[in-house]
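There are 2 protein chains.
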Amino acid sequence: MTLFLIPTTLAPDTAEAVLPAQIKQVVSQTDYYFVENIRTARRFISELKLGKTIDDLHFYELDKNTTVQQVKGYFQGIPPDAAIGVMSEAGCPGVADPGAIAVQMAHQLGIRVVPLVGPSSILLGLMASGFSGQSFVFHGYLPIEKAARHKMLKVLEKNAQSFQTQIFMETPFRNNAFLDDILQICHPDLKLCIACNVSASDEFIQTKSIAQWRKAKPDLHKKPTMFLMSQ
Amino acid sequence: MTLFLIPTTLAPDTAEAVLPAQIKQVVSQTDYYFVENIRTARRFISELKLGKTIDDLHFYELDKNTTVQQVKGYFQGIPPDAAIGVMSEAGCPGVADPGAIAVQMAHQLGIRVVPLVGPSSILLGLMASGFSGQSFVFHGYLPIEKAARHKMLKVLEKNAQSFQTQIFMETPFRNNAFLDDILQICHPDLKLCIACNVSASDEFIQTKSIAQWRKAKPDLHKKPTMFLMSQ
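Residue numbers (my numbering), protein chains in the order written: chain A, 908 to 1138; chain B, 908 to 1138.
The following block contains the structure:
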């Protein structure tokens, strides 16, 4: 048994450009899938146009409530020589999604785990920021509550000053308010990279100082965006 | 002018499997390159078999001593409508290599920066570890001096206990001694993922407790390895 971690696209109609050949090859040979969302996964496999009959495939949904025992049960119900794919809603599975629980269980059961190459907005944002990749931290979502969020932004600013790149995000429909917060709280000289719609045709990635961003704010409403901060 | 960040392979003979089509497409249209090592870059482009005459290409070497002024000079010497590629020795440019200085300058000069998808041992190790990708930190190389290294390992262990995945590495010829240090210093219950020769045919990625690793140590001598730690 092998557990393949299969990245999906971040933006529509980009599969041919951004997915390496190994993904098509693995999907064409895999009939069992652990996925964050079954509908998205079925659509993704269809779009690869591999001639697979989607209704013959076996999907097991993983969400934040899935227990270790359930995942163990899934593995035990699959033929021992099968290949299993793990797919998240978008991007690389196991990074900020429930796929990690399947990977943990695979290691415990001695099952081989093979990660495949694909798009990650965290990594693409980091590459394109121009900030240090020698030392960086991904925080996921910052607190929603105002006082806690402001305190956290001050902590990130302090970390950024010792050349550790700070990476974080917000739910897309709150991006504009979040950007306002950052521009209000952070020091004018601090550098902020906004990596928006990464890998899409309208990708927007720019690094400027807080002072420069204050003069011309981009509209990030409902657009998937990664924020990066450095000295 | 556009600055493309072009990932290269991590392991020999893997280009066809791990590189997406957009890389071949961009390289076929790009004649100017900022690279970490000219010989490696020429060989990589040859291996893509795009029919390009390598001697017609323009290479500018970036190393840790390259200054901002030099990079600015490079940009100024290139035709304004040209595409420029940035390539590191292996994997994704701008992450733990001198490519970031070119990206910084591009942002300052208002040049569009486009990151392409490709292999990263940090990201592939994180995906395959089964550890939290909601919150993680990459530390690069730990201190070489024994007391400082031990102190740092205790700090990482403490961070790992609050479910922040810790990622770090060592120069490959010192990997075995480094693993001995980790196994000696860290708590038996702590989990360690060893991601070795990632994307190669002899890829080895396993997550076990420190206590389990103590019973059977893999030989990591001269093998590129990423270490990941979590509770």
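Just so it is clear, CB atoms sit at the ideal spot from N, CA and C, and this is done for glycine as well.
According to the Cβ coordinates, are residue i and residue j closer than 9 Å?
i        : j        : result
Y940(B)  : M994(B)  : yes
G1040(A) : F1045(B) : yes
K901(B)  : H1014(A) : Within the shown structure, residues of chain B are numbered from 908 to 1138, placing residue 901(B) beyond reach of any answer.
P1026(B) : L955(B)  : no
S1106(A) : S1042(A) : no
D988(B)  : D963(B)  : no
M908(A)  : I1018(A) : yes
I1089(B) : I1117(B) : yes
A1102(B) : G1032(B) : yes
L1030(B) : V1002(A) : yes
Does the beta-carbon of residue i have 16 or more other beta-carbons within 10 angstroms, so that it is buried, or is it exposed?
i        : result
P914(A)  : buried
I961(A)  : exposed
I1051(B) : exposed
P986(B)  : exposed
N1066(A) : buried
Q932(B)  : exposed
V975(A)  : exposed
A1123(B) : exposed
S1137(B) : buried
V1024(B) : buried
L1060(A) : buried
V1062(B) : exposed
L1127(B) : buried
F982(B)  : buried
L1016(B) : exposed
G992(B)  : buried
Taking C-alpha atoms, which residue in the options lies nearest to residue i?
i        : options                                : result
S1083(B) : P986(B), M1133(B), A924(B)             : Here residue 1083(B) turns out to be Asn, not Ser, going by the sequence shown. Residue M1133(B) is the option with its Cα nearest to N1083(B).
M1034(A) : F1043(B), Q1041(B), P1022(B)           : P1022(B)
G1037(B) : C1093(B), L1127(B), K1098(B)           : K1098(B)
K1058(B) : C1093(B), T1072(B), C999(B)            : C1093(B)
P1095(A) : D1088(A), I1112(A), Q1119(A), C1103(A) : Q1119(A)
C1100(A) : K1122(A), P1079(A), T1072(A)           : T1072(A)
F951(A)  : E923(A), I1074(A), L1127(A), R1056(A)  : E923(A)
L1135(A) : G1047(A), G992(A), L969(A)             : G1047(A)
A990(A)  : P1079(A), V1062(A), D920(A), F966(A)   : F966(A)
G998(B)  : P1079(B), Q1113(B), L926(B), R1081(B)  : L926(B)
T973(A)  : G992(A), G1006(A), L1049(A)            : G1006(A)
R1081(A) : A1054(A), S1108(A), L1016(A), L1049(A) : L1049(A)
V1020(A) : L1016(B), P1125(B), Q1113(B)           : Q1113(B)
K1053(A) : Q1068(A), K959(A), R1121(A), Q1091(A)  : Q1091(A)
Tell me which residues share the same chain as residue i and place their Cβ nearer than 6 Å to its Cβ, disregarding the 5 neighbours each side in the sequence.
i        : result
S935(A)  : L957
F1085(B) : E1077
R949(A)  : I961
P1000(A) : L912, V993, M994, G1006
Quick one: what's got a C-beta closer than 8 Å to residue i's C-beta in the same chain, skipping five residues either side?
i        : result
P996(B)  : Before going further, note that residue 996(B) is Glu rather than Pro in the sequence given. Closer than 8 Å at Cβ, skipping near neighbours: T915, E943, N944, T947, D1004.
P1079(B) : L1127, H1128, K1129, K1130, P1131, T1132
D1142(B) : In this structure chain B extends from 908 to 1138, so residue 1142(B) is not present and cannot be described.
R1121(A) : L1090, P1095
What does a CB cutoff of less than 7 Å around residue i pick up in its chain, not counting 5 residues either side in sequence?
i        : result
N1104(A) : A918, E1110, F1111, K1130, P1131
D920(B)  : none
R1056(B) : L1049, P1050, D1088
S953(B)  : I961
With a threshold of 8 Å, establish whether the CB of residue i neighbours any heavy atom of the ligand GDP.
i        : result
F1038(A) : Among the components of this structure there are no ligands whatsoever, and the ligand GDP is therefore not found.
- Query: Which residue spans inside the stretch 945-1033 of chain A form an unbroken beta strand (DSSP E) run of at least 3?
  - Reply: Taken in chain order, the unbroken stretches of beta strand (DSSP E) that lie wholly in the stretch 945-1033 of chain A and span 3 residues or more are 965-968, 990-994, 1019-1022.
- Task: Give, in chain order, every unbroken run of the beta strand (DSSP E) that is at least 3 residues long and sits entirely within the stretch 1029-1081 of chain A.
- Result: Under the rule that a run must span 3 or more residues, the beta strand (DSSP E) segments found entirely inside the stretch 1029-1081 of chain A read 1043-1048, 1072-1076.
- Members of the stretch 1078-1091 of chain A that neighbour chain D once the beta carbon cut-off is set at 9 Å: No chain D appears in the structure shown, which is made up of the protein chains A and B.
- Item | Segments assigned alpha helix (DSSP H), at least 4 residues, entirely inside the stretch 1105-1138 of chain A | Restricting attention to alpha helix (DSSP H) runs no shorter than 4 residues, the stretch 1105-1138 of chain A encloses them at 1117-1122, ordered along the chain.
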